[in-house]
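**Student:** Heads up: take any position in the sequence shown, counting from 1, add 15, and you land on this note's numbering.
Ideal placement from N, C-alpha and C gives every residue a C-beta, glycine not left out.
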Amino acid sequence: MKSLSGMLFCASGIVLMCCMDAVAKALGADLTTFQVVFLRYLGSAIWLILWIALTGASWPKKEDLGRQAQRAALLVVTASLFFYAVTHLPLAVVAALGMTAPVYVTLLGAFLFHEKIGPTAWFALALGAAGSATIIFAGQTAGFGTIEGDPLAWAAALLAPLTYAIVVALLKHHSSREDPAAMTMGQSLLAAIFVLPLALGAWPAITPHIAGLGTLIGLLGAVGFLLLIHGLRRLPVSVFAVLDYTALIWAGLLGFFFFAEIPGPQLWIGGSLIIAACVLNSRRAVEAQTAS
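Structure (structure tokens):
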């Protein structure tokens, strides 16, 4: 049951974080990347302050400040890279490139937490990687799989998964020491402070559209991160790594419905491989939990 609840928490968190990425893409039409990052983390901090005040949950502790600052700095880098990429490239393409993160996450899990990575886990990761490669390199439909566009955006999309993998590994390592709400609130507030100097400058007029999206991005980020932390407490990092592949499916659907980004057949072929990887690794996790 612990593995099942962990998978449900992580899966729900991934969906909300994908929705947040879509909101960031929409905001990127009016704001700079750093302004979007600032709104994302300031909004999350405000929502979580309200949550802690209303529920009586734990506030961040002084002794956790160093760890939270470490995560906050990495979160600013990761969000800046990813939000810049999704503003200039199709959402599903950036998500596909982001699928390299589970490789880093699995390796970090083995290195930092001494998690055993057996043949089944490696096969699941290989399936996920094959699905991602299919989406990136197969087909030339509606801009999917093409090597065009802003070179900086492609570089950002390639680098974001590495910093994201480090964040996930740190979250796994720190989640046993900090309360999830306090953990997320503290790092979000610090991230907003860190990125504030970069977000200063000419802001557009704050229309109801921008205000609504700015409020939504903070809420989605706050709730999504809380769910991921609760899930990571119940799952090995390597299992989360494969679950994270499902973000590609959600990114394709969101890109289609909200940005008219038409997925080519390679998205669905690759997506099928990714789903197979998730099912395989999820069964492995449940069997391992039952055996223990």
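Could you tell me the distance, in whole angstroms, from the CA atom of W182 to the CA atom of V51?
**Tutor:** A small correction: the amino acid at residue 182 is Val; Trp does not occupy that position in the sequence shown. For V182 and V51, the distance between alpha carbons rounds to 19 Å.
**Student:** For a minimum of 4 consecutive residues, which ranges assigned as the alpha helix (DSSP H) are wholly contained in the segment 20–89?
**Tutor:** 48–70
**Student:** Taking a contact to mean a Cβ-Cβ separation below 8 Å, would you say G143 touches V238 in this structure?
**Tutor:** no
**Student:** According to DSSP, is W169 part of a helix, a strand, or is it coil?
**Tutor:** helix
**Student:** Just curious, the alpha helix (DSSP H) that P223 is in, first and last residue?
**Tutor:** P223 to L247
**Student:** In angstroms with no decimal places, state the Cα-to-Cα distance between A88 and T135.
**Tutor:** 34 Å
**Student:** Using only the alpha-carbon positions, how far apart do L90 and D259 sit?
**Tutor:** 17 Å
**Student:** I'd like the span of the alpha helix (DSSP H) that includes W218, first residue to last.
**Tutor:** Per DSSP, W218 belongs to no alpha helix (DSSP H) and is neither H nor E.
**Student:** Helix, strand or coil: which one does DSSP assign to T135?
**Tutor:** DSSP places T135 in helix when its eight states are reduced to three.
**Student:** First and last residue of the alpha helix (DSSP H) that includes P195?
**Tutor:** P195 to A214
**Student:** CB-CB under 6 Å to A171, same chain, minus the five flanking residues each way: which ones, in chain order?
**Tutor:** L96, Y99 and A100
**Student:** Do you know offhand how far F138's Cα is from A39's?
**Tutor:** Computed Cα separation, rounded: 33 Å.
**Student:** Which residue comes first and which comes last in the alpha helix (DSSP H) that contains L268?
**Tutor:** A262 to F274
**Student:** Hey, would you say A107 sits closer than 8 Å to A226, going by beta carbons?
**Tutor:** Cβ atoms of A107 and A226: not closer than 8 Å.
**Student:** Please state whether DSSP places I290 in a helix, a strand or coil.
**Tutor:** In the three-state reduction of the DSSP assignment, I290 falls in the helix class, which pools H, G and I.
**Student:** Express the C-alpha separation of P251 and A125 in angstroms, rounding to a whole number.
**Tutor:** 10 Å
**Student:** Assuming L204 contacts A60 (C-beta within less than 8 Å), just tell me the rounded distance between them.
**Tutor:** 4 Å
**Student:** For T222, count neighbouring Cβ atoms within 10 angstroms of its own Cβ and tell me buried if that reaches 16, exposed if not.
**Tutor:** T222 comes out exposed.
**Student:** Answer with buried or exposed for V278, where buried requires no fewer than 16 other C-beta atoms within 10 angstroms of its C-beta.
**Tutor:** Checking the sequence, you will find Pro at residue 278 rather than Val. Under this definition P278 is a buried residue.
**Student:** Measure from the alpha carbon of L215 to the alpha carbon of each residue in A145, P176, I284 and L46, then state which is nearest.
**Tutor:** L46
**Student:** In the DSSP assignment, find the unbroken alpha helix (DSSP H) run with L104 in it and report its ends.
**Tutor:** Where L104 is concerned, there is no enclosing alpha helix (DSSP H), given that its DSSP letter is neither H nor E.
**Student:** Can you tell me the Cβ-Cβ gap for G28 and L242, rounded? I've got them flagged as a contact below 8 Å.
**Tutor:** 3 Å
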